[in-house]
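Chemist:
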Amino acid sequence: MIGCGAVTEVKSGPAYQKVENFILAAVTRRDQALAQDYADRHNIDTVHVDADALINDPTIDAIYIATPPDSHKALALKVAQAGKICCVEKPLAPSYADCQSIVDAFERAQLPLFVAYYRRSLPRFSHIKQLLDDGEIGEVRHINWHLNKPANPMDLSQQYNWRTDKMIAAGGYFDDLASHGLDLFAYLLGDFSMAKGVGINQQHLYTALDAVSACWLHTNGATGSGSWNFGGHSRQDKVVIYGSRGEIRFSVFDESPIEVITEDKQQQIMIENPTNIQLYHIDNMRKQLLEGKQHPSTGVTAAHTGWVMSQIVAS
1 MIGCGAVTEV
11 KSGPAYQKVE
21 NFILAAVTRR
31 DQALAQDYAD
41 RHNIDTVHVD
51 ADALINDPTI
61 DAIYIATPPD
71 SHKALALKVA
81 QAGKICCVEK
91 PLAPSYADCQ
101 SIVDAFERAQ
111 LPLFVAYYRR
121 SLPRFSHIKQ
131 LLDDGEIGEV
141 RHINWHLNKP
151 ANPMDLSQQY
161 NWRTDKMIAA
171 GGYFDDLASH
181 GLDLFAYLLG
191 DFSMAKGVGI
201 NQQHLYTALD
211 AVSACWLHTN
221 GATGSGSWNF
231 GGHSRQDKVV
241 IYGSRGEIRF
251 SVFDESPIEV
261 ITEDKQQQIM
271 IENPTNIQLY
281 HIDNMRKQLL
291 EGKQHPSTGV
301 TAAHTGWVMS
311 QIVAS
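For the sequence shown, full-length UniProt numbering gives the first residue as 1, with consecutive numbering after it.
Put into structure tokens, the structure is as follows:
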């Protein structure tokens, strides 16, 4: 594992240790003392001095890249060159061109490439997909997502935050958070055929965008719209899928009930997430590698999400 930041403490690192046939054997990060601290707390045997040493360790079969997105391309290309399986944190890369470069490298090497859009593997979203596939709300007409969050105290205090540094993440929290939902919508409704949007910086707390609005079209003919604001009064996370015979309401990030409203019934379905939220995503990697079952989140699907994101912020 390259990188030992917050995402690896509960969401991913322990999940790799829980899934059968996986061993989290070695870690590295730029600060060696912090890497050693992580290894000590998580009972990991080896701490490498840098990413190159870990990638080229002959005892390692696969690499998980858990670093800021501006480093993903360089590291992933080294992993492909080393002939190893790879999982990259989302987003795959800051630009669609970089996403495609990574995908091409792994296709040439004939190696599996996974991306940690783990919502595609969570039972609550698999259930929503099943409802849609079964025609529970008829033909899907439109999907809308509104995400509103108050300003982050770190940003208000003017502390450095790579997530809002436009040199690393030009879209700011849009890159970090909206990518999860847009990727999920491609999983639920099929690929996007077009997308456009507008993004601005309203608060001037940092260099990246803090407000984005968009509209899009799925290949199945369903339309979509979204708005993401990271300087609002209160937190809101609401998705509504409108169909010809009903609607489904849910949250992308909040662990709240799924609401299904049709002509003849209204129900709430609660499906909890695992403590280590990447658990099913990692188990699906195991299923592809050992059982041949296709993983729902690959380099190809993540690159498509990268294309959608680039279309929205470039409009």
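In this text, a Cβ means the ideal position worked out from N, Cα and C, and glycines have one as well.
Quantities reported herein were computed from a predicted structural model and do not represent experimental measurements.
#1: Measure how close the beta-carbons of residue 188 and residue 271 come, nearest whole angstrom, since I'm counting them as under 8 Å.
#2: Determine, using beta carbons only, whether residue 44 comes closer than 8 Å to chain C.
#3: What residues are listed by DSSP as bridge partners for residue 20?
#4: When we look at the beta-carbon of residue 155 and count the other beta-carbons within 10 Å, is it buried (16 or more) or exposed?
#5: If you draw a straight line from the C-alpha of residue 85 to the C-alpha of residue 63, how long is it?
#6: Note down the Cα distance separating residue 239 from residue 152, rounded to an integer number of angstroms.
#7: Which stretch, first to last residue, makes up the alpha helix (DSSP H) that contains residue 99?
#8: Would you call residue 89 buried or exposed, if buried means 16 or more other Cβ atoms sit within 10 Å of its Cβ?
#9: Look at the alpha carbon of residue 281 and the alpha carbon of residue 26, and state the distance between them as a whole number of angstroms.
#10: Confirm, please, whether the CB-CB distance from residue 183 to residue 219 is below 8 Å.
#11: Quick check on the DSSP output: the beta strand (DSSP E) that includes residue 8 runs from which residue to which?
#12: Taking C-alpha atoms, which residue in 263, 244 and 236 lies nearest to residue 250?
#13: Along the alpha helix (DSSP H) that carries residue 237, what are the first and last residues, could you check?
#14: Is it the case that the Cβ atoms of residue 115 and residue 310 are separated by a distance below 8 Å?
#15: Rounded to whole angstroms, what's the CA-CA distance from residue 203 to residue 226? Just pull it up for me.
#16: For residue 131 versus residue 248, is the C-beta distance shorter than 8 Å?
#17: Fully enclosed by the UniProt domain "GFO/IDH/MocA-like oxidoreductase" (126-249), which alpha helix (DSSP H) runs are 4 residues long or longer?
#18: Would you check if the distance between the CB atom of residue 72 and the CB atom of residue 54 is smaller than 8 Å?
#19: Checking 8 Å against the spacing of the C-beta atoms, do residue 194 and residue 209 come in under that value?
#20: To test your reading of the DSSP string, which unbroken alpha helix (DSSP H) runs of 4 or more residues are found completely within the segment 255-296?
#21: With 16 other CB atoms within 10 Å as the buried threshold, where does residue 211 fall?
#22: Under the three-state reduction of DSSP, which class applies to residue 335: helix, strand or coil?
#23: What distance in whole Å lies between the Cβ atoms of residue 70 and residue 94, which are believed to be in contact at a cut-off of 8 Å?
#24: Return helix, strand or coil for residue 34, following the three-state DSSP convention.
#25: So, using beta-carbon positions, are residue 3 and residue 59 closer together than 8 Å?
#26: Ordered along the chain, which non-local residues of its own chain (more than five positions away) have a Cβ less than 8 Å from that of residue 46?
#27: Reducing DSSP to helix, strand and coil, say where residue 300 ends up.
#28: Have a look at 241, 169 and 273 and flag the residue whose alpha-carbon is nearest the alpha-carbon of residue 136.
#29: Rounded C-beta distance between residue 276 and residue 10? I'm assuming under 8 Å.
#30: What is the rounded straight-line gap between the Cα of residue 264 and the Cα of residue 145?
#31: Using DSSP with H/G/I as helix, E/B as strand and the rest coil, what is residue 2?
#32: Where do the N-terminal and C-terminal ends of the beta strand (DSSP E) with residue 53 fall, by residue?
#33: Relative to the alpha-carbon of residue 22, which residue among 79, 284 and 50 has its alpha-carbon at the smallest distance?
Modeler: So, from the data block:
#1: By 1-based counting over the sequence shown, the position of residue 188 is 188. By 1-based counting over the sequence shown, the position of residue 271 is 271. Residue 188 to residue 271, Cβ: 15 Å. No contact.
#2: This model lacks chain C altogether, as it is built from one protein chain only.
#3: Locating residue 20 in the sequence shown gives position 20, where the first residue counts as 1. According to DSSP, residue 20 bridges with nothing at all.
#4: Counted from its first residue, the sequence shown places residue 155 at position 155. When all chains shown are included, residue 155 counts as buried.
#5: For this step, residue 85 is matched to residue 85 along the sequence shown. For this step, residue 63 is matched to residue 63 along the sequence shown. Their backbone Cα atoms lie some 6 Å apart in a straight line.
#6: Here residue 239 refers to the residue found at position 239 of the sequence shown. Here residue 152 refers to the residue found at position 152 of the sequence shown. Cα to Cα, the separation comes out at about 22 Å.
#7: Here residue 99 is taken as the residue at index 99 of the sequence shown, counted from 1. Residue 99 -> alpha helix (DSSP H) spans 96-109.
#8: Reading the sequence shown from its first residue, position 89 is the one you call residue 89. It is buried - the Cβ of residue 89 has at least 16 other Cβ atoms within 10 Å.
#9: Taking the sequence shown and counting its residues from 1, one reaches residue 281 at position 281. Taking the sequence shown and counting its residues from 1, one reaches residue 26 at position 26. If I take the Cα positions, the gap works out to 20 Å.
#10: As a working note, residue 219 is residue 219 in the sequence shown. As a working note, residue 183 is residue 183 in the sequence shown. Result no, Cβ atoms of residue 219 and residue 183 do not sit closer than 8 Å.
#11: To locate residue 8, count along the sequence shown from 1; it is residue 8. Residue 8: not part of any beta strand (DSSP E); DSSP gives it neither H nor E.
#12: Sequence index remark: in the sequence shown, residue 250 carries index 250 (1-based). Residue 236 is the option with its Cα nearest to residue 250.
#13: Here the question's residue 237 lines up with position 237 in the sequence shown. Under the DSSP assignment, residue 237 falls outside any alpha helix (DSSP H), being part of the beta strand (DSSP E) whose first and last residues are 236-243.
#14: Residue 115 sits at position 115 when you count from the first residue of the sequence shown. Residue 310 sits at position 310 when you count from the first residue of the sequence shown. Taking 8 Å as the Cβ cut-off, residue 115 and residue 310 do not qualify as a contacting pair.
#15: The count along the sequence shown starts at 1 and reaches residue 203 at position 203. The count along the sequence shown starts at 1 and reaches residue 226 at position 226. Each residue's alpha carbon lies about 20 Å from the other.
#16: In the sequence shown, residue 131 corresponds to position 131, counting from 1. In the sequence shown, residue 248 corresponds to position 248, counting from 1. Yes, Cβ-Cβ distance for residue 131 and residue 248 is below 8 Å.
#17: 153-156 and 179-189
#18: As a working note, residue 72 is residue 72 in the sequence shown. As a working note, residue 54 is residue 54 in the sequence shown. The answer is no: Cβ separation not under 8 Å.
#19: Here residue 194 refers to the residue found at position 194 when the sequence shown is read from its first residue. Here residue 209 refers to the residue found at position 209 when the sequence shown is read from its first residue. Not a contact, by the Cβ cut-off of 8 Å.
#20: 279-291
#21: What you label residue 211 is simply residue 211 of the sequence shown in a count that begins at 1. Buried, since its Cβ has 16 or more Cβ neighbours within 10 Å.
#22: What is shown of the chain runs 1 to 315, which leaves residue 335 out entirely.
#23: On the sequence shown, position 94 is the one that residue 94 refers to. On the sequence shown, position 70 is the one that residue 70 refers to. Between residue 70 and residue 94 the Cβ distance is about 6 Å, and since that is below 8 Å, they are a contact.
#24: Along the sequence shown, read from residue 1 onward, the residue named residue 34 stands at position 34. Correct three-state label for residue 34: helix.
#25: Here residue 3 is taken as the residue at index 3 of the sequence shown, counted from 1. Here residue 59 is taken as the residue at index 59 of the sequence shown, counted from 1. Not in contact: residue 3 and residue 59 (Cβ atoms no closer than 8 Å).
#26: Counted from its first residue, the sequence shown places residue 46 at position 46. So the list reads 25, 26, 27, 39 and 57, once near-sequence residues are dropped.
#27: Residue mapping note: residue 300 aligns to position 300 of the sequence shown, counting from 1. Residue 300: helix per DSSP, three-state reduction.
#28: Numbered from 1 along the sequence shown, position 136 holds the residue referred to as residue 136. Nearest of 241, 169 and 273 to residue 136, Cα basis: 241.
#29: Numbered from its first residue, the sequence shown carries residue 276 at position 276. Numbered from its first residue, the sequence shown carries residue 10 at position 10. Confirmed, Cβ separation roughly 6 Å.
#30: Taking the first residue of the sequence shown as 1, we reach residue 264 at position 264. Taking the first residue of the sequence shown as 1, we reach residue 145 at position 145. Roughly 25 Å separates the two Cα atoms.
#31: Numbered from 1 along the sequence shown, position 2 holds the residue referred to as residue 2. Three-state result, residue 2: strand.
#32: In the sequence shown, the residue the question calls residue 53 occupies position 53. Per DSSP, residue 53 belongs to no beta strand (DSSP E); it is in the alpha helix (DSSP H), 51-55.
#33: By one-based count along the sequence shown, residue 22 stands at place 22. Ranking the options by Cα distance to residue 22, first place goes to 284.
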